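Student: Below is a structure I'd like to ask you about.
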Amino acid sequence: MFEQEQQEIDSRIREFCAEQNLPEPTLQWSWIPFSGHWGITTSFFQLAAQEARLGKKVNVLQRAAELAELAAAYLGIPTGFERVEAVKGYLNLYFDSTDYAWRVIEAVLQEGENFGCHPRLKKRVMVEFSHPNTHKAFHVGHLRSAILGDVVARLLQAAGYDVVRANYPGDIGLHVIKWLWNYLTRHAGERPTRDITQWMGSIYIEASRRLEENPELESEIRAVYTRWDQRDPEIIRLWQETRQWSLDGFKEMYDMLGISFDVYYFNSMMEDAGKEVVRELISRNLAQDERPDGPVIVKLDELLGSKSEKYRVLVVLRSDGTALYATEDLALAERKFRDYPDLERSLYVVDVRQSLHFQQVFKTLEIAGRPWANRCQHIPYELVTLPGSVAMASREGTVVLLEDLIREATSRALAIVQTKNPDLPLEVQEDVAKAVALGAIRYSMVARENTKVVTFDWETALNFEGQAAPYIQYAYVRANSILRKAGSAGPDKMPSGGSLSETEIVLVDLISRFPREIERSAAELSPLGVANWLFDLAQAFNDFYNKCPVLTADEPARSTRLQLVMATRQTLANGLALLGITAPQAM
RNA sequence: GUCCCUGUAGCUCAGUGGAUAGAGCGCUGGCCUCCGGAGCCAGAAGCGGCAGUUCGAGUCUGCCCAGGGACGCCA
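In the working numbering, the protein residues as written are 246 to 832.
Laid out in structure tokens, this is it:
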């Protein structure tokens with residue numbers, strides 16, 4: 246929020262350097278560390294080192310300290326600041342706390358739910374995420390792509406981008422054929438009623454088990470595959486109908502999780518278009534057709550004249566001429582840019598195991614001369630595993646079903662709400678329980694570096710204490726409770742005279758950082774920064790809550806604090822919304 | 001064998017090349033006459049190893065060790 250002040254000081258230091266015949270400095274600004282001191286800081290070590298490199302004989306540490314002193318003297322006390330000091334080579338500029346605090350609070354209250362968001366950039370970005378397989382269960386392992394992608398989309402939106410949210414369900418493939426076979430032979434005529442994806446998954450698991458126990462059944466499955474391949478109307482109709490069951494089930498999940506999509510691409514839509522791209526690659530000698538003895542391949546390293554094994558070889562078509570994942574991905578990338586020609590970036594939130602695959606696909610498209618190829622970017626994330634590094638696999642049934650997790654978390658949260666707040670109507674208690682349970686699940690998926698494994702265990706997943714969403718929600722509820730009891734909104738101007746305590750300054754400071762946290766997290770395509778910052782904010786508010794009574798305080802502190810609580814409540818709400826977490830009115 | 005990711009407190013994780021490396025869980029001991037104790041306060045405990053770059057390295061580079069993953073017809 247203080248870019249303008251920072252820029253002014255920055256340019257004045259440049260003036261100072263020019264006057265002193267010093268090299269052009271590169272200044273890095275950051276917040277002054279250590280709580281209770283609110284302001285911005287930069288150091289002079291780089292400048293001193295630059296002088297040393299230019300031949301001047303200086304001790305860098307000493308010289309930096311000296312330069313900081315000189316700069317401090319040159320600046321005096323700029324408007325808006327109450328103190329300037331040089332410490333061990335650092336130049337610290339302390340804000341005029343009361344003025345700035347009021348400015349921050351005023352901005353938050355004026356901008357309301359938009360506080361933190363950046364102006365429209367007029368740039369469009371697509372985020373593809375979730376891509377669940379139809380005819381399989383939706384388990385906790387699928388949660389990370391869904392939630393990470395959703396929050397990245399929210400972050401980019403808040404950072405000023407126009408975001409297209411895309412889903413790419415795997416609606417065809419061997420797993421679907423196996424499912425259809427098992428359905429036809431064992432479950433014909435049945436249909437799911439509740440827990441759709443779980444039911445779909447159970448048929449798939451049964452299919453895998455049957456096949457494992459009786460490998461000779463493979464021929465039956467091949468027969469179904471042939472019928473599919475020949476577009477047998479009965480099979481096509483069954484595929485469409487059962488696929489829709491899965492999609493309905495996903496819709497239920499997404500609604501519950503608060504996730505939405507603007508566009509759906511289907512695996513099955515990309516087969517023919519992909520084969521068309523492959524034909525082009527062959528005709529332009531970019532791909533080698535080794536059929537019928539081998540597949541169609543693109544020898545990437547060879548085409549790039551590279552001797553390393555960086556890109557290796559991409560198989561783009563099976564030897565029997567059928568499409569595989571890579572075939573479809575070539576077409577999908579193209580389709581996205583045809584639908585949205587102005588995409589500045591096309592992002593793929595897909596697990597890290599497919600990193601090489603995406604590098605290969607994007608590089609192939611680049612070699613094929615697609616001008617947008619370098620606008621495609623893979624956002625890798627690590628898996629959610631079970632304790633002992635056991636990957637969740639539908640086929641083996643080693644999964645924690647999303648339905649089960651949500652049910653269990655919600656019922657635990659409900660039990661807690663009922664002891665804490667027995668007078669609330671059951672309906673409200675249930676809403677609160679849902680908000681707490683889903684918030685906790687979301688936060689745990691997002692408060693971790695993308696490239697780190699999340700190990701799922703029930704104890705951690707169902708722990709509502711400590712660094713978790715309920716802590717943040719609780720801070721919000723407390724703020725809300727104070728304001729409810731205060732009645733009126735309070736004065737609309739910061740009362741003069743009262744100075745702010747350290748605790749209050751820390752809180753305002755954290756509030757003021759929100760826009761920058763959004764910017765940084767969006768640039769890094771990672772929600773972690775916002776997730777951590779939000780927890781810090783809640784922590785600062787709890788500290789304030791304990792140290793600074795609001796309702797019983799004398800004026801002008803009472804009014805000041807009420808305003809601060811309002812601003813905090815708004816910022817907590819905005820931060821939670823950015824992570825897709827509901828802020829309940831009571832808990 | 002080639003490449004990618006990860007090693008920070010007992011455990012799970014933060015940490016923008018800069019000042020004093022921070023949280024949570026767990027453990028120990030405190031705090032409801034006080035705006036809601038899903039909370040607060042206090043305590044113990046840490047950068048895998050060796051070189052290098054730099055005025056300055058948990059952070060960058062190289063090598064080593066340990067764990068995970070990817071490497072021509074799975075997705």
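Note that CB positions come from ideal geometry on N, CA and C, so glycine has one too. Since we're looking at a predicted model, the values are computed, not measured.
Using the Cα positions of R439 and R598, report the straight-line distance between them to the nearest angstrom.
Tutor: Roughly 33 Å separates the two Cα atoms.
Student: Cα-Cα, which of W703, T813, T748 is closest to I756?
Tutor: The shortest C-alpha separation from I756 is found at T813.
Student: So what does DSSP say about P801, is it helix, strand or coil?
Tutor: In this structure, P801 counts as coil in the three-state DSSP scheme.
Student: Flag this pair as yes or no: are the beta carbons of L823 and V753 separated by less than 8 Å?
Tutor: Against a cut-off of 8 Å, the Cβ pair of V753 and L823 comes out as no contact.
Student: Would you list, in sequence order, the uninterrupted alpha helix (DSSP H) runs of no fewer than 4 residues that lie entirely inside the stretch 312-387?
Tutor: You should have 342-356.
Student: May I ask you to report which of helix, strand or coil DSSP gives G825?
Tutor: In this structure, G825 counts as coil in the three-state DSSP scheme.
Student: Just the C-alpha distance for I575 and E451, rounded to the nearest angstrom, thanks.
Tutor: The amino acid occupying residue 575 in the given sequence is Leu; Ile does not appear at that position. If I take the Cα positions, the gap works out to 33 Å.
Student: Using the rule of at least 16 other Cβ atoms within 10 Å of the residue's Cβ for burial, across every protein chain shown, is L821 buried or exposed?
Tutor: Under this definition L821 is a buried residue.
Student: Would you give the residue range spanned by the beta strand (DSSP E) that T287 belongs to?
Tutor: Start and end: 284-288.
Student: Taking the alpha-carbon of K301 as reference, which of P268, L628, W424 has the nearest alpha-carbon?
Tutor: Nearest option by C-alpha distance: P268.
Student: Jot down the residue ranges of each uninterrupted beta strand (DSSP E) in the stretch 617-688, minimum 3 residues, whole runs only, in chain order.
Tutor: The stretch 617-688 contains these whole beta strand (DSSP E) runs: 621-626, 629-631.
Student: Can you name the residues that DSSP bridges to I542?
Tutor: Paired residue(s): Q533, V560.
Student: Throw me the rounded Cβ distance for the W274 and Q251 pair, which I believe falls under 8 Å.
Tutor: With 8 Å as the limit, W274 and Q251 qualify as a contact, their Cβ atoms being about 5 Å apart.
Student: Can you pull the DSSP bridge partners for A411?
Tutor: Answer by DSSP bridge pairing, in chain order: E373, V508.
Student: Starting from the C-beta of A636, find all residues in its chain whose C-beta is less than 7 Å away, skip the five residues before and the five after it, and write them out in chain order.
Tutor: Around A636: L628, T630.
Student: Go through its chain and collect everything with a Cβ distance to D407's Cβ below 6 Å, but skip five positions before and after it.
Tutor: Around D407: R369.
Student: Going by C-alpha to C-alpha distance, which of I285, V677, L299 sits closest to E330?
Tutor: Looking at the Cα atoms, I285 is the closest of the given residues.
Student: Given that a residue counts as buried once 16 or more other Cβ atoms are within 10 Å of its Cβ, and exposed if not, what is W703?
Tutor: Classification of W703: exposed, given that the 10 Å Cβ count is below 16.
Student: Relative to the C-alpha of A818, which residue among R729, L807, I750, Y719 is closest?
Tutor: Comparing Cα-Cα distances from A818 to each of R729, L807, I750, Y719, the minimum goes to Y719.
Student: Cα separation between W426 and S771?
Tutor: Distance between the alpha carbons of W426 and S771: 41 Å.
Student: Report, in whole angstroms, the separation of the C-beta atoms of N530 and E573, which I expect to be a contact under 8 Å.
Tutor: The Cβ separation is near 23 Å, so there is no contact.
Student: Enumerate in chain order the residues of its own chain whose CB-to-CB distance from A532 is below 7 Å, with the five nearest sequence positions on each side excluded.
Tutor: Around A532: V523, L526, V541, I542, V543, V561.
Student: Quick one: what's P696 bridged to in DSSP?
Tutor: One detail in the question is off: residue 696 reads as Thr in this sequence, not Pro. Answer by DSSP bridge pairing: none, since T696 is not bridged.
Student: Would you check if the stretch 418-432 and the stretch 370-382 touch, i.e. whether three or more CB-CB distances between them fall below 8 Å?
Tutor: Yes: at least three Cβ pairs fall under 8 Å.
Student: Check for me: the beta strand (DSSP E) holding L755 runs from which residue to which?
Tutor: Premise fails: L755 lies in the alpha helix (DSSP H), 747-757, not in any beta strand (DSSP E).
Student: Quick one: grab the DSSP three-state call for S553.
Tutor: Coil at S553, not helix or strand.
Student: Pull up the DSSP beta-bridge partners for R598, would you.
Tutor: DSSP lists no partner for R598.
Student: Do the CB positions of G494 and I441 come within less than 8 Å of each other?
Tutor: Their beta carbons are under 8 Å apart, which means G494 touches I441 by this criterion.
Student: Short of 8 Å in beta carbon distance, which residues of its chain neighbour Q815, apart from the five on each side in sequence? Order them along the chain.
Tutor: Excluding sequence neighbours, Q815 sits near V353, L354, G357, E358, F360.
Student: Would you say F340 and E351 are within 8 Å of each other, going by their C-beta atoms?
Tutor: Not a contact, by the Cβ cut-off of 8 Å.
Student: Would you mind working out which of A618, Y556, E611 sits nearest S600, comparing C-alpha positions?
Tutor: Checked all of A618, Y556, E611; the closest Cα to S600 is Y556.
Student: When the Cα atoms are used, what is the spatial distance from E264 to I750?
Tutor: If you take the alpha carbons of E264 and I750, they lie about 36 Å apart.
Student: What would DSSP say about L796, mapped onto helix, strand or coil?
Tutor: The answer is coil: DSSP assigns L796 none of H, G, I, E or B.
Student: Tell me which residue opens and which closes the alpha helix (DSSP H) that K423 is part of.
Tutor: First-last of the alpha helix (DSSP H) with K423: 419-431.
Student: Is it true that the stretch 699-715 meets the stretch 650-660, where meeting means three or more beta-carbon pairs spaced less than 8 Å apart?
Tutor: Cβ pair count under 8 Å is three or more, so yes.
Student: For the alpha helix (DSSP H) containing T442, name the first residue and the last one.
Tutor: Start and end: 441-458.
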